[in-house]
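Notes to accompany the following structure.
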Amino acid sequence: MSSRFCPACGTVCPVGSAPVQLPDGAVIEATLCAHCGLCLDELATGVHTPLEHAVVAEDAGFIARAVVDALLRSGIVRTVDLAADGLELVAVFTRYAQARQAIDLAVVDIEMPRLSGLAAARMARAIEHKHELAPAALIFLSGVVCDPALRQQIQAFAPAYYINKGNLASVDELPVRLGPLVARIQAERRAR
Ligand SMILES: [Zn+2]
Numbered sequence: 001m002s003s004r005f006c007p008a009c010g011t012v013c014p015v016g017s018a019p020v021q022l023p024d025g026a027v028i029e030a031t032l033c034a035h036c037g038l039c040l041d042e043l044a045t046g047v048h049t050p051l052e053h054a055v056v057a058e059d060a061g062f063i064a065r066a067v068v069d070a071l072l073r074s075g076i077v078r079t080v081d082l083a084a085d086g087l088e089l090v091a092v093f094t095r096y097a098q099a100r101q102a103i104d105l106a107v108v109d110i111e112m113p114r115l116s117g118l119a120a121a122r123m124a125r126a127i128e129h130k131h132e133l134a135p136a137a138l139i140f141l142s143g144v145v146c147d148p149a150l151r152q153q154i155q156a157f158a159p160a161y162y163i164n165k166g167n168l169a170s171v172d173e174l175p176v177r178l179g180p181l182v183a184r185i186q187a188e189r190r191a192r
């Protein structure tokens, strides 16, 4: 089995291949990270329009600030809400839903006080469904490298992705891990 660097895991990972549909509808045999399932081929091309609303749910303030900075400074998103735990994340989704506005992107730490990221995401999906809103792309932040059990949990929230924050040398590396995922999310949303 061959190996490649996966930007989401932040490590050299074994890779496999699987058919993947590109935003333009073509199907290619793509190279996927065997840990987290990220497509490692260059899929996103061209100029991407910014996303409108994002929310960052992370109880560690310095990581939350680094993610918000990365999203705003690069012009990826126009507005960002912050949530310090899972309950606050659900409150943000509720507020947007009541205003009949969809959230485009949610970056969600899996381990948070009061309500975990996965439990909060389940409630967020229910809120979107009830209000007939398009599902936000979810990027889960995890302190551990993705294993098959975690990958399966994350895939149940599709469109959903994963970033390993456990092996960052510094928070300055976060934009490097966010970049490829957000480019892919933008390409997918444009293709809708
Ligand atoms: Zn990976």
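When we follow my numbering, the leftmost residue of the sequence shown carries the number 1, and every step to the right adds one. Glycine included, every Cβ here is placed at the ideal spot set by N, Cα and C. A quick note: this is a predicted structure, and the numbers were derived from the prediction, not measured.
Use the C-beta contact count for residue 186: other C-beta atoms within 10 angstroms, 16 or more gives buried, fewer gives exposed. To locate residue 186, count along the sequence shown from 1; it is residue 186. By the 10 Å Cβ count, residue 186 comes out buried.
What number of angstroms, rounded off, separates the C-alpha of residue 154 from the C-alpha of residue 164? In the sequence shown, the residue the question calls residue 154 occupies position 154. In the sequence shown, the residue the question calls residue 164 occupies position 164. Whole-angstrom Cα-Cα distance: 13 Å.
Could you please give me the residues that DSSP links to residue 79 through a beta bridge? Within the sequence shown, numbered from 1, the residue matching residue 79 stands at position 79. Answer is 53.
beta-carbon residue 38 near ligand 1 non-hydrogen atom, thresh 8 Å: The residue labelled residue 38 in the question sits at position 38 within the sequence shown. Yes.
Determine the extent of the beta strand (DSSP E) in which residue 109 is found, giving its start and end residues. Position 109 of the sequence shown holds residue 109. Element bounds for residue 109: 105-109.
For residue 64, count the other beta carbons within 10 Å of its own beta carbon; 16 or more makes it buried, fewer makes it exposed. Which is it? Taking the sequence shown and counting its residues from 1, one reaches residue 64 at position 64. Residue 64 should be labelled buried.
Taking only three categories from DSSP, how would you classify residue 180? Locating residue 180 in the sequence shown gives position 180, counting from the first residue. In the structure shown, residue 180 sits in a helix (DSSP, three-state: H, G or I).
I'd like to check one pair, residue 151 with residue 39: are the Cβ atoms closer than 9 Å? Stepping through the sequence shown from its first residue, residue 39 is reached at position 39. Stepping through the sequence shown from its first residue, residue 151 is reached at position 151. No, the pair does not count as a contact, with Cβ atoms beyond the cut-off.
Using CA coordinates, which residue listed in 2, 66, 140 and 132 is at the minimum distance from residue 170? Locating residue 170 in the sequence shown gives position 170, counting from the first residue. When each option's Cα is compared against that of residue 170, the closest is 66.
Let me check you understand the geometry: is the CB of residue 8 closer than 8 Å to at least one non-hydrogen atom of ligand 1? Within the sequence shown, the letter at position 8 stands for residue 8. Yes, the Cβ of residue 8 comes within 8 Å of a heavy atom of ligand 1.
Considering Cα atoms alone, identify which of 28, 129 and 188 is closest to residue 20. In the sequence shown, residue 20 corresponds to position 20, counting from 1. Out of 28, 129 and 188, 28 has the C-alpha closest to the C-alpha of residue 20.
Do residue 129 and ligand 1 come close, with the Cβ less than 8 Å from some heavy atom? Indexing the sequence shown from 1 puts residue 129 at position 129. Checking every heavy atom of ligand 1 against the Cβ of residue 129, none is found closer than 8 Å.
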